[in-house]
Amino acid sequence: MQKFKMVNHSKWIEKLGMKYWGFWLTMFFLMVLPAGILAEAGVEPRKIVLGTHQPLSGPMKNYAQIGRGASIYFQYLNDQGGIHGRQLFLLQRDDRFKPQRTLKLVEELVMKDRVFALFSGIGTETSESAMPLLKSQGVPHFFIGSNARSITEPPRHGIFSMLPTPEVEARVLGQYVNSNHPGEKVILWFRDEPEYKAASKEIAQKLQSNPLQFLPSKAGSSQFKAEWDAIQAGNPRAVIALGPYAPLIKFLRAADVSGTPIYTGNALADSSLWRMLDSRIINRLRVLTSFPLLIESNHPGIRLHRALLREYAPDFKPSRWSIYGHSVAELMAEVLRRSGRDLTREGAIRSAEDLKSWRGKLMPPVYLDRNQHLSMSFLRVSRIMPTKVVHLSEWLDGR
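With the numbering used here as the guide, the letters of the sequence shown map in order to residues 222 to 620.
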């Protein structure tokens with residue numbers, strides 16, 4: 222009869238446990254920790270959560286169209302499978318354009334909602350109010366809706382802005398006027414505020430070979446007709462006008478309906494310009510453009526934008542700000558796409574800093590690096606006609 226050897230089961234189980242201990246430990250790190258301890262805030266296996274502060278109500282509520290335009294584009298991406306298998310979610314909070322309210326809402330987004338990053342918050346003072354909190358928590362803010370130089374100069378880790386500063390606009394205008402009005406007299410009208418004073422120095426640097434006359438307009442002044450009388454007496458071959466939107470429009474309304482070309486910045490790059498100014502004055506205008514305008518109906522990006530609104534928000538009327546939202550969402554999606562499946566905040570920051578002359582369907586060329594955190598530094602000089610836009614230049618670099 223065959224004899225069976227007695228087995229010490231306790232020792233066998235002990236050896237088996239030791240043999241597979243390494244396996245189970247590895248599985249723990251692969252399966253448990255990535256889903257909890259090691260996971261980046263706002264990043265889950267099937268979704269990425271972003272947060273934004275925007276004036277959804279109050280006197281500045283038109284800017285809320287930016288967030289809605291971005292959300293529609295993210296919804297479109299989600300229906301295409303998302304980014305690396307993850308759906309994009311944008312939590313929008315109404316700060317009413319009030320910095321103290323912004324700080325409270327951003328604290329909730331970061332500490333309670335645990336967003337991956339802030340995205341396209343609107344306003345300079347509102348965004349600045351939350352900067353210390355973001356820095357302490359290591360949370361980036363991608364593509365702030367501000368044209369203030371202070372947002373990105375000097376560059377701050379994880380902080381990126383969207384809109385061209387007055388200095389960027391001045392460099393582009395200076396390049397173009399220098400090339401197209403060589404040696405001719407130019408009068409520079411600018412609002413007498415710090416950012417536009419700085420921009421006037423950039424103009425002077427670019428127009429060293431031109432006779433250049435400065436005409437500062439005091440903040441709060443409304444003597445626009447007298448300023449135009451001074452311009453006419455100076456007999457320039459070109460006028461450059463730099464200032465915030467509201468006083469700039471008032472200044473232009475006081476202009477003669479005929480005369481030399483008037484060059485101005487990106488603030489007036491809007492299809493609705495024809496409802497705000499006399500058409501004969503608009504014929505004198507040369508405006509810096511970035512995104513395509515709604516009247517550029519054959520532009521592939523505009524066709525896509527209109528199609529997305531018809532599909533996802535048929536009640537939402539397209540506008541300059543909905544285009545802006547779509548555009549900045551394109552940019553954010555590209556950063557996330559380049560960051561790969563193993564998404565981290567630091568990885569996304571590096572991906573943003575590695576964008577070299579990238580272009581979206583709506584975005585102008587974008588060039589970012591460790592020292593350049595301003596997204597829109599390439600602009601074109603254009604004429605806005607009733608039914609079309611005529612671009613007078615290629616993309617000009619205002620860095």
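Every residue gets a Cβ at the ideal spot worked out from N, C-alpha and C, and that includes glycine.
From residue i to residue j, what distance separates their C-alpha atoms?
i, j, result
"W495", "L613", "19 angstroms"
"P255", "D563", "Unreliable positioning characterises P255 in this predicted model, as indicated by a pLDDT of 44, which lies under 50. The coordinate reading is nonetheless provided below. For P255 and D563, the distance between alpha carbons rounds to 10 angstroms."
"G263", "Y545", "24 angstroms"
"Y533", "I287", "15 angstroms"
"D450", "M497", "22 angstroms"
"R370", "F537", "32 angstroms"
"D292", "F310", "What sits at residue 292 in the sequence shown is Ser, not Asp. Their backbone Cα atoms lie some 8 angstroms apart in a straight line."
"L298", "Q308", "8 angstroms"
"R593", "E374", "Position check: residue 593 holds Gln in this sequence, whereas Arg was assumed. So the two alpha carbons sit approximately 8 angstroms from each other."
"M606", "I470", "17 angstroms"
"A488", "P465", "8 angstroms"
"M597", "N368", "10 angstroms"
"G303", "K268", "8 angstroms"
"A476", "A490", "18 angstroms"
"D300", "G290", "16 angstroms"
"F250", "V611", "Confidence at F250 is low in this model, with a pLDDT of 44, below 50, so its placement is unreliable and the value that follows should be read with caution. Spanning the two alpha carbons is a distance of roughly 58 angstroms."
"V478", "G404", "25 angstroms"
"S511", "V327", "29 angstroms"
"G561", "P320", "34 angstroms"
"A420", "L312", "36 angstroms"
"L355", "K333", "14 angstroms"
"P415", "S438", "12 angstroms"
"M252", "E261", "Because the pLDDT at M252 is just 49, under 50, the model does not fix this residue reliably, and the point stays unresolved."
"V270", "V336", "5 angstroms"
"L246", "N519", "Only weak support is given to the placement of L246: the predicted model assigns it a pLDDT of 45, under 50, and the value that follows is read from those uncertain coordinates. Using only the alpha carbons, I get a separation of about 58 angstroms."
"K418", "P266", "50 angstroms"
"H305", "Q426", "46 angstroms"
"S548", "D413", "32 angstroms"
"R474", "E551", "35 angstroms"
Identify the residues that DSSP records as bridge partners of residue i: which are they?
i, result
"K268", "E265, Q308"
"V602", "L509"
"Y588", "K577"
"L326", "Partner(s): none; L326 has no beta bridge."
"S438", "R412"
"L564", "L564 pairs with nothing; no bridge assigned."
"H683", "The structure shown does not extend to residue 683, since the chain is modelled only from 222 through 620, so no value can be given for it."
"V460", "I408, I483"
Could you give the DSSP three-state label for residue i: helix, strand or coil?
i, result
"G619", "coil"
"G342", "coil"
"K471", "helix"
"R335", "coil"
"G379", "coil"
"S614", "coil"
"K418", "helix"
"Q444", "coil"
"T485", "strand"
"Q429", "coil"
"Q286", "helix"
"D316", "coil"
"L595", "strand"
"Q275", "strand"
"A454", "helix"
"Q296", "helix"
"L515", "coil"
"E374", "coil"
"S348", "helix"
"A393", "Per the sequence shown, the amino acid found at residue 393 is Val instead of Ala. In the structure shown, V393 sits in a helix (DSSP, three-state: H, G or I)."
"N399", "helix"
"S357", "helix"
"P387", "helix"
Could you check how far apart the C-beta atoms of residue i and residue j are, in whole angstroms? I think they sit under 8 angstroms.
i, j, result
"Y484", "A459", "6 angstroms"
"R314", "L330", "6 angstroms"
"L525", "K582", "6 angstroms"
"P276", "F318", "4 angstroms"
"H362", "G344", "The Cβ separation is near 12 angstroms, so there is no contact."
"E423", "G395", "6 angstroms"
"F445", "F411", "That belief does not hold up - the Cβ atoms of F445 and F411 are roughly 13 angstroms apart, past 8 angstroms."
Contiguous alpha helix (DSSP H) assignments of at least 4 residues, all confined to the stretch 517-546: 521-533
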